[in-house]
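There are 2 protein chains.
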Amino acid sequence: MGQNFYKRDDRDVKFVLKEHLGVEQLLELEPYRGFTVEDFDMILDQAQKIAANDIAPSFQDGDRQGCSFDRGKVSTPESFKHAWRVFQEGSWFALAMKPDYGGQGLPLLVAEAAMEFFISANFSFGCFAGLGPGNGFMIENFGSQELRDLFCAKMYDGTWGGSMCLTEPSVGSDAHMVATKATPDGKYYKIQGTKIFITSGEHDLTENIVHLVIARIEGAPTGAKGVSLFVVPKIWVNEDGTLGEPNDVACIGIEHKMGLNGSATCVLNFGENGQCRAHLVGEAGKGLAYMFQMVNGARMAVGLESVAFGANIYANVLAYARERVQGTRFAMGGDRIRIVEHADIRRMLLNLKSLTEGMRALVYKTYLMEDLAKNCTDEDQKRKAKGRLELFTPLVKAYCSDRIFEMGRDGIQVLGGYGFTKEYPIEQYTRDCKIFSIWDGTNFIQSADLVGRKLNMGGGAVFRIWAEEVTAFIKDHEKDATFARELPILKEALETLVGLVLDYGRYFGEGKLDLIPLTSTRFLDCMSEVAIAHLLLEQGMIAQTRLEGGVAGPDADFYQGKVATVQYYCRNFLPQVFGRARIIKMEDLTAIQVAEAAL
Amino acid sequence: MGQNFYKRDDRDVKFVLKEHLGVEQLLELEPYRGFTVEDFDMILDQAQKIAANDIAPSFQDGDRQGCSFDRGKVSTPESFKHAWRVFQEGSWFALAMKPDYGGQGLPLLVAEAAMEFFISANFSFGCFAGLGPGNGFMIENFGSQELRDLFCAKMYDGTWGGSMCLTEPSVGSDAHMVATKATPDGKYYKIQGTKIFITSGEHDLTENIVHLVIARIEGAPTGAKGVSLFVVPKIWVNEDGTLGEPNDVACIGIEHKMGLNGSATCVLNFGENGQCRAHLVGEAGKGLAYMFQMVNGARMAVGLESVAFGANIYANVLAYARERVQGTRFAMGGDRIRIVEHADIRRMLLNLKSLTEGMRALVYKTYLMEDLAKNCTDEDQKRKAKGRLELFTPLVKAYCSDRIFEMGRDGIQVLGGYGFTKEYPIEQYTRDCKIFSIWDGTNFIQSADLVGRKLNMGGGAVFRIWAEEVTAFIKDHEKDATFARELPILKEALETLVGLVLDYGRYFGEGKLDLIPLTSTRFLDCMSEVAIAHLLLEQGMIAQTRLEGGVAGPDADFYQGKVATVQYYCRNFLPQVFGRARIIKMEDLTAIQVAEAAL
């Protein structure tokens, strides 16, 4: 087993859940009435322990041993198998699923908080562990009763795994262009086609893998409306639930990647011998609509993955900085000091801390919205939560995944030459995370979704309601002393952002359409920073109140750290909005106007 | 042998040398009178061919096979041995060294241009190839005639390699703290100590390796003045130049790294058995002063390495973008198009193109200054060139090395999921380059050197002369139509920069010393962008003149591309100065004020 690098704690997670977002409000929702906040605490404590003791030791194995491919079979490291058994014993696979098929029925917010610990410990393992229940949930939502009874329970308890088969060799971002064919065959369908970049498409952790495959039924219309979703078990499941014959699904190779080497990224051939049997899920022609529900979940998960990586990068880097002695105080000389005392190292540590906590605030707030959107009985609150969830999802996915790569860079830099070596985990996190900005819709696609669609939801009302909420917050706290420098920056940044939104309206009107894709990634970062600064300032107000109420020891440290973190983010990240806005407002079309031959 | 990814061309290199910087001016300097510009062209053409045909095939081998360590020996891939033979046959090792010991006597600017091609092809190979002649040059400059005669010729022709032994387990950035001891032993010294992170410290490419080792002579004063430089051959060299007994130098392991796996990063034990013999180089106590001459060369080289990586990343990404079909035109629909037609892809391509050309302008200009500083006969011009070289070196090292990692990120993003795989070279360049921001003085050290020392050289005159030159350029071109939008941005950016310099003076005065290390990395980026925008605009003016003079075909494409590239950089990178300046001017001390316990 590899070295255990799990050093992060859960203090900010619990602060966000209990003090900032008020997780107890979820106890009033029908599905969660059986829980108490103490239950949540206990579950999270247990998740931390398992993450630290049973999952984290597999982190390096995933990278060094990786997954290996031999004649159609994918082998995972031994430590993954141990982690899988522990996950099964503790029923950790389906925390947020309803109890009907063995789920734990937890609020999404709490389930994802537990996931944050597991992802910090070893995300490659998480890729295998997440897709079974994820697919089961799709079947539960969209499949027939027969399919549910056949598959869900075993996908929720880790007996069977899953994979999501969307991408094809010439079809990456154009999901509606699938070439994989489905031919009716009595009650079933026969599938023929090749899928690539299939995470967990083959492995040795479960006796069966239940693939969800996007394909076009013969004769279906072209485009998105001709696409359907199918269940394709690796080993056919008989009507009594027992395993039957192997299905005609072949893994013909795995990718060799920059990172996430513990996660098998497979090329799958369906129906090489014309014998690949499948169940249709739900209605024909609705495959993409169904799949995009899973994709939206995956986009949220990318944010969580980034937070989880950030938390453990920060903890490892901080521990190193507290021990490593190097250099003397800037321009002062004297004895050598620990690098945590150097201003430039502090700057990078605060980058890591404020981004981790800022991203967590954004991601957890959005998960709370998802819980409310699903389970609220107040229709107005439900609609508002749904809008906010949809508005924030592209921010969660793209802002967090772009930042985490930069955080890896800063983490490596703090460690100096050691950061470049495999003795420390930062370089692995940095390599592992590079896929986050690409998969589940590239970060450009997120920004185009934000500017082209989300800003206009409800005729712009969803965005406006959020902007008004931020404005009201600023107004409510205009006499606040602790954040007297930060609140005016937030106000100006929000005004700048609203100005950019008006400009986008003008671009549409004036036919300057190219300016949208040329600037949307920068806009997404601007909006994310305003949203995060707002949420962090909410947290800062709470921390300040606690400090004024009188706290001591680790709690005082935490709240003081929180106040500093909020100030740091507002002074060092939030003002980037102004620089970016100036660049956006240049309305520079050079990139698209230059002749291709001149590139 | 691995796949050959060498796709870059030499068009911009030749433009910078001949049209922008006027390499022919170097022919007037005494050491270069024997050359013609046609000679330079021929040498560069040949270097391109060798880079593409003989070096590039070893690029993947360096990463996949890497260097392996077994019982004290380091083995390199077979393709490295072929590349070494080709380098020896063509005498490519010591292009810029004087002919006395077999160097080619080329201007540094031309020699480094040739190196750019080799580094694009395989920098791991370049690490081995560069250190022999680099060490030889140190011996030529600082060693006795006896040492020169003994070592230089064989280090300039690739018979013997070299390594630079500075870092120790607890001594990274504190180079003056070395614990390695040197004890006088007749004519020689005996060395005892451990050195880590030693690039090319052991390998199988040469019959001998001549280490340059920093050590403290017993009884020498503490601090920098007690440090001396020694020649420690792996195999002792007899006075007649023949190889003697193996010296007491043991390689006890190599680092496992994020990248540059083809370059052996060694732990070396000197004098395990008390029998490690060494020659003192030059005067005792001057070791660090000598070494820092080499370190300055290495800092310049980091800039060149970044340019070389950028050029081939861009070429590979552009080739992919021209072929890959995906998506339809933004908000227009219709047929699927090649991704080079998408605005967001264009944005990333222009990021790569303008940064590569911008960094090259900065790096080559600075090498030209080094040539002039060394060989100019006009004392005033010489002093000015030396000042500019010293002022720009931290920009070359830090700005370029931070950008190249971001360029790797953008390159991977253009390729989507494929960018994350090892099928394409971008992920390897991205991993390989991560050490650039760390070695040869971290990028923070560069920025502290810039703000703490370089800005004040000559009482601020060196900076002022540069700023006046930029101002004069802007004034000279104030009626220019092609860059009418860009010149005012440059003017405002320069004024902003000068304002920051004045602020630094104030910080020193007001004792706000911590603000310097907290902001110096941002300042360095600001100054680099002003310097690059100025140089690019010089290039843009030349290109515009050529276009107005009437050109056709590939030349017209190149000059049009150049104009667009300059405009793009000035509109998309240069204005970052304003955003960063605003953040610097917040004078935020949070990072250093927060209690350590609150981190």
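In the order they appear, the protein sequences are chains F and E. The numbering of the first sequence is my numbering, which starts it at 3 and goes up by one. The numbering of the second sequence is my numbering, which starts it at 3 and goes up by one. For every residue, glycine included, the Cβ atom is placed at its ideal position computed from N, Cα and C. Predicted, not measured: the structure shown is a model, and the values here were computed from it.
### Query
Are the stretch 335-350 of chain F and the stretch 520-534 of chain E in contact at 8 Å, needing three or more beta carbon pairs?
Yes, since at least three Cβ pairs between the stretch 335-350 of chain F and the stretch 520-534 of chain E fall closer than 8 Å, the two stretches touch.
### Message
Please list, in chain order, the chain F residues whose beta carbon lies closer than 9 Å to that of E429(E).
### Response
K259, M260, G261, R433 and K436
### Task
Compare the C-beta of V553(E) with all C-beta atoms of chain B and state if any pair is closer than 7 Å.
Within the model displayed, chain B is absent; protein chains F and E are what it includes.
### Task
Return the residue from the list A98(E), Q90(E), F407(E) and S172(E) that minimises the CA-CA distance to L417(F).
S172(E)
### Message
I'd like to confirm the pairing. Which residues does DSSP put opposite A217(F) in its beta bridges?
### Response
DSSP lists S230(F) as partners of A217(F).
### Query
Taking Cβ to Cβ, would you say N377(F) is nearer than 7 Å to P33(F)?
Closer than 7 Å, so yes.
### Where the alpha helix (DSSP H) containing Q328(F) begins and where it ends
Unbroken run through Q328(F) is the beta strand (DSSP E), V327 to R331; no alpha helix (DSSP H).
#### Entry: Contacting positions in the stretch 130-143 of chain E - beta carbon closer than 9 Å to chain F
none
### Message
Given this structure, state the Cα-to-Cα distance separating A123(F) from G264(F), to the nearest angstrom.
### Response
13 Å
### Task
Would you mind giving the Cβ-Cβ distance between I254(F) and V269(F), rounded to the nearest angstrom? I have them listed as a contact below 8 Å.
With a Cβ gap of about 5 Å, I254(F) and V269(F) count as contacting.
### Task
For my contact list, L207(F) and F82(F) are in at a C-beta cut-off of 8 Å; report their separation, rounded to the angstrom.
That belief holds up - the Cβ atoms of L207(F) and F82(F) are roughly 6 Å apart, short of 8 Å.
### Query
Quick one: what does DSSP say E170(F) is sitting in, helix, strand or coil?
strand
### Message
Taking beta-carbon pairs under 9 Å, can you tell me which members of the stretch 187-211 of chain F lie near chain E?
### Response
I198 and F199
#### Entry: Pairwise C-alpha distance: F394(F) and E480(F)
26 Å
### Message
Give me the chain F residues within the contact set of M588(E), using Cβ-Cβ distance strictly less than 9 Å, ordered along the chain.
### Response
R487, I491, R573, N574 and P577
### Message
Would V607(E) and S165(E) be called neighbours here (beta carbons separated by less than 7 Å)?
### Response
Residue numbering for chain E in the displayed model covers 3 to 601; residue 607(E) lies beyond these limits and cannot be assessed.
### Query
Quick one: is K456(E) near chain F, going by C-beta distance under 7 Å?
It does not; no Cβ of chain F falls within 7 Å.
### Query
Under a CB-based cut-off of 7 Å, is V269(E) close to chain F?
no
### Task
Could you tell me which residues DSSP puts in a beta bridge with F71(E)?
V76(E)
### Task
State buried or exposed for D72(E), treating a residue as buried only when at least 16 other CB atoms are found within 10 Å of its CB.
Counting Cβ neighbours within 10 Å, D72(E) comes out exposed, since fewer than 16 surround it.
### Message
Tell me which residues of the stretch 95-125 of chain E have at least one Cβ-Cβ distance to chain F shorter than 7 Å, keeping chain order.
### Response
none
### Query
Could you check where the alpha helix (DSSP H) with F199(E) kicks off and where it finishes?
That residue, F199(E), is in no alpha helix (DSSP H); its beta strand (DSSP E) goes Y190 to T201.
### Task
Per DSSP, which residues does V212(F) bridge with? Please list them.
G164(F) and P235(F)
### Query
Who are G128(E)'s beta bridge partners in DSSP?
In the DSSP output, where bridge partners are listed per residue, G128(E) has none listed.
### Message
Quick check on the burial criterion: 16 or more other C-beta atoms within 10 angstroms. Buried or exposed for N55(E)?
### Response
exposed
### Message
At the level of alpha carbons, what is the spacing between G104(E) and A113(E)?
### Response
15 Å
#### Entry: Test item: CB-CB of A300(F) and D442(F) under 7 Å
yes
### Message
Among G542(E), P396(E), Y401(E) and T78(E), whose alpha-carbon lies nearest the alpha-carbon of L357(E)?
### Response
Y401(E)
### Query
Just checking, does the stretch 96-110 of chain E make contact with the stretch 366-380 of chain E on the three C-beta pairs under 8 Å criterion?
yes
### Query
Is there a Cβ from chain E that is less than 7 Å from the Cβ of R348(F)?
yes
### Query
Can at least three beta-carbon pairs, one atom from the stretch 192-203 of chain F and one from the stretch 284-294 of chain F, be found at a separation below 8 Å?
no
### Task
Locate the alpha helix (DSSP H) running through V15(E), then write down its first and last residues.
Looking at the DSSP string, the run of the alpha helix (DSSP H) that includes V15(E) is R13 to K16.
### Task
Kindly list the residues whose CB is nearer than 6 Å to the CB of Y431(E), restricted to its own chain and excluding five residues on each side of it in sequence; keep chain order.
F311, I315 and G410
### Task
Give me the Cβ distance between A85(E) and S60(E), rounded to the nearest whole Å; I'm assuming they're in contact under 8 Å.
5 Å
### Query
the stretch 497-529 of chain F: which residues have C-beta closer than 8 Å to a C-beta of chain E, in chain order?
L515, D516, I518, P519, L520, S522 and T523
### Message
Can you find the residues in the same chain that come closer than 6 Å, C-beta to C-beta, to D47(E), ignoring five residues on each side of it along the sequence?
### Response
none
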